[in-house]
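Each residue of the sequence shown is one higher than the one before, counting from 1 in UniProt numbering. What follows is a set of notes on a single structure, which appears directly below.
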Amino acid sequence: MAHLSRLPGPHDRQTGRTQGRLILAAAVALALAGCATGQGAYPSASAVVAAGRANDSAHSVLVWTARSPRQGVSAISGMPILLKDNIETADMPTTAGSLALANNAPGRDAPLVARLRAAGAVIVGKTNLSEWANIRSSDSISGWSAVGGQTLNPYDPARTPCGSSSGSGAAVALGLTPVAIGTETDGSITCPASVNGVVGFKPTVGLVSRTHIVPISHSQDTAGPMATTVRDAAKVLTVIAGSDPADPATVEADARKVNYAAGLDANALRGARIGVMRFLKGYSPETQAVFEQNLKALRDAGAVLVDLPEGPDGRVIGAAEFKVLLYELKHDLNAYLASTDPQQVRTRTLADVIAFNAAELRETVLFGQDTFERAQAMADLTDADYLEARATSLRLAGPEGIDRLMRDNGVIALIAPTTSRGWTNDPKDDDDMQGSASRLAAVAGYPHLTVPMGFDRGMPVGISFLGGKWDDARILSLGYAFEQVTQARRPPPGVRR
């Protein structure tokens with residue numbers, strides 16, 4: 001669903017450029033600037049759509065719509081929201097960025113979309129993404145899709161927007177909407193949120209329904225909010241969380257969900273013991289320096305920080321995770337394709353998609369489909385190799401990873417830089433992806449929040465807060481308290497707050 005292609009093979013980096021210019025969204029930003037977040041506080045849907053259509057020239061948004069919402073009364077009534085284009089809506093096609101799904105319009109809302117509409121949110125369009133959520137190839141390009149072209153980073157168009165929720169991150173950064181929905185399998189909410197300077201929250205897997213979302217892995221996939229503030233992310237999560245009979249992973253969601261916005265506490269850091277994941281390496285010196293400055297801010301706010309020099313073996317977890325994703329991609333994508341309208345989607349299996357891509361030059365002009373081909377070669381989900389890989393990855397990331405680190409050190413959360421600055425788009429430059437905090441929470445299925453913490457060579461970087469299963473409210477509250485203390489977010493050049 002939102003896979004950061006870092007698992008064995010080349011890092012997820014820009015390896016070329018296609019058409020596209022930086023989004024110029026001043027009109028929308030001005031319309032939203034200064035609006036209090038509450039009922040009736042937002043500009044009309046028609047104003048947002050008109051301004052967006054007039055100003056979006058970077059393939060951040062694939063399609064805008066002016067469909068009227070159901071009139072619900074909630075904390076997000078009237079809020080304009082964009083959706084990543086692997087999430088189905090009744091009024092727009094859902095392509096996952098692939099020409100194979102260009103006509104995929106079965107006329108149904110994903111349950112999370114139905115929840116947003118019922119609460120009065122205004123779905124104004126679909127955002128571009130890394131095609132097939134970055135899972136097609138080990139050389140996939142963050143923010144590029146054959147349907148939408150290349151999304152660029154609004155802080156510097158020569159640098160990556162990261163993926164795969166690239167358009168969602170860039171659109172929120174530029175003020176097209178205060179919130180967009182992204183999806184993540186490993187890093188594809190949190191990385192684009194970090195490098196685009198916005199808040200991104202990956203919930204506990206099973207808190208938000210995945211039904212009618214183009215999948216990668218039922219073990220790790222989830223949707224989540226990307227927003228300018230933690231409070232707006234919490235408001236939206238409150239609405240989209242909940243059980244769905246069609247998604248067995250969500251059986252506990254109704255019992256676990258709370259009002260996440262109401263639970264935010266500006267004093268949550270006071271007395272909180274938090275583990276610093278020193279065992280995560282590879283960050284740029286500049287990002288590490290920004291992180292150290294923010295550790296002081298956390299201490300000043302009353303947090304008790306505990307250095308954690310050792311953690312689980314990331315290479316072992318990553319190898320097992322990648323194997324799980326290959327097996328589940330074949331199974332889950334085949335099931336999704338079978339649910340689409342055969343008159344609209346002629347590719348009924350992963351094998352069909354591979355054949356389509358091989359025959360369609362627009363799909364493979366920049367990179368191939370080696371990961372798809374590896375997935376197609378996998379057996380079914382009863383295979384002992386798959387079962388062992390899933391058990392290993394889950395155990396090492398969850399019970400023997402995050403759970404053990406928190407229990408043995410008496411901490412309630414874990415922190416680290418999310419990643420370093422957005423790396424260059426130039427394939428000849430060695431400024432590659434540097435450091436990542438996403439894997440443990442992604443594999444374990446635990447919550448992961450990134451909040452802007454400052455800048456690395458003028459590019460935004462975020463701090464990650466990780467917690468245990470169903471610790472979503474606590475993690476959001478800690479991130480909110482950090483946000484209130486630091487106020488580190490700055491909009492891109494030329495965009496008003």
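From the three backbone atoms N, C-alpha and C, an ideal C-beta is built for every residue, glycine too. These numbers come from a predicted model, not from an experiment.
Identify which residue in the options has its Cα closest to the Cα of residue i.
i, options, result
"S209", "V199, F201, V195, G224", "G224"
"I317", "N196, L394, Q293, W423", "L394"
"T486", "W470, G97, V345, R299", "R299"
"H218", "L129, A246, A255, V461", "A246"
"residue 506", "S145, Q293, K126", "No answer is possible for residue 506: the residues shown for the chain start at 1 and end at 497."
"A90", "G125, S464, A355", "G125"
"G182", "D85, P161, N267", "D85"
"S464", "F279, I475, A102, T450", "T450"
"D472", "G148, A377, G200", "G200"
"S420", "A272, R159, D186, K296", "R159"
"T392", "G148, K257, V443", "V443"
"A377", "D341, L337, L325", "L325"
"A118", "V239, L152, A146, G163", "V239"
Quick check: what's the CA-CA separation for residue i versus residue j?
i, j, result
"residue 500", "V205", "Any answer about residue 500 is impossible in this case: the structure gives the chain only from 1 up to 497."
"V495", "P43", "17 Å"
"M433", "V198", "18 Å"
"Q220", "E184", "8 Å"
"G467", "A102", "38 Å"
"A241", "E388", "30 Å"
"T364", "I76", "40 Å"
"A170", "A233", "16 Å"
"W423", "R278", "22 Å"
Is residue i helix, strand or coil by DSSP?
i, result
"D380", "coil"
"H448", "strand"
"A241", "strand"
"Y480", "helix"
"W470", "coil"
"V147", "coil"
"V49", "helix"
"K296", "helix"
"F367", "coil"
"A29", "The pLDDT assigned to A29 is 40, lower than 50, so where the model puts this residue is not dependable; a value taken from the coordinates is nonetheless given after this. Helix."
"residue 527", "An answer regarding residue 527 cannot be provided, because it is not within the stretch 1 to 497 covered by the chain."
"N86", "coil"
"D408", "helix"
"A442", "helix"
"P80", "strand"
"I475", "helix"
"W64", "strand"
"R362", "coil"
"R395", "helix"
Taking the alpha helix (DSSP H) that residue i belongs to, which residues open and close that run?
i, result
"S168", "166 to 173"
"D354", "Reading off the sequence shown, one finds Ile at residue 354, where the question assumed Asp. 350 to 359 is the extent of the alpha helix (DSSP H) around I354."
"L337", "314 to 338"
Where does the unbroken beta strand (DSSP E) through residue i begin, and where does it stop?
i, result
"R117", "Note, R117: premise wrong, no beta strand (DSSP E); alpha helix (DSSP H) at 111 to 118."
"P492", "Taken as a continuous stretch (DSSP letters only), P492 belongs to no beta strand (DSSP E), as it is neither H nor E."
"R273", "273 to 277"
"P399", "Careful: P399 lies outside any beta strand (DSSP E) and carries neither H nor E."
"A193", "Unbroken run through A193 is the alpha helix (DSSP H), 190 to 195; no beta strand (DSSP E)."
"D198", "Per the sequence shown, the amino acid found at residue 198 is Val instead of Asp. Premise fails: V198 is in no beta strand (DSSP E) and is neither H nor E."
Mind checking whether the beta-carbon of residue i lies closer than 6 Å to any heavy atom of the ligand ADP?
i, result
"E131", "What this structure holds is no ligand at all, so the ligand ADP is not there to describe."
(request) Kindly provide the ranges of any alpha helix (DSSP H) runs that are 4 or more residues long and lie completely inside the region 205 to 269, ordered along the chain. (result) 230 to 240, 253 to 256
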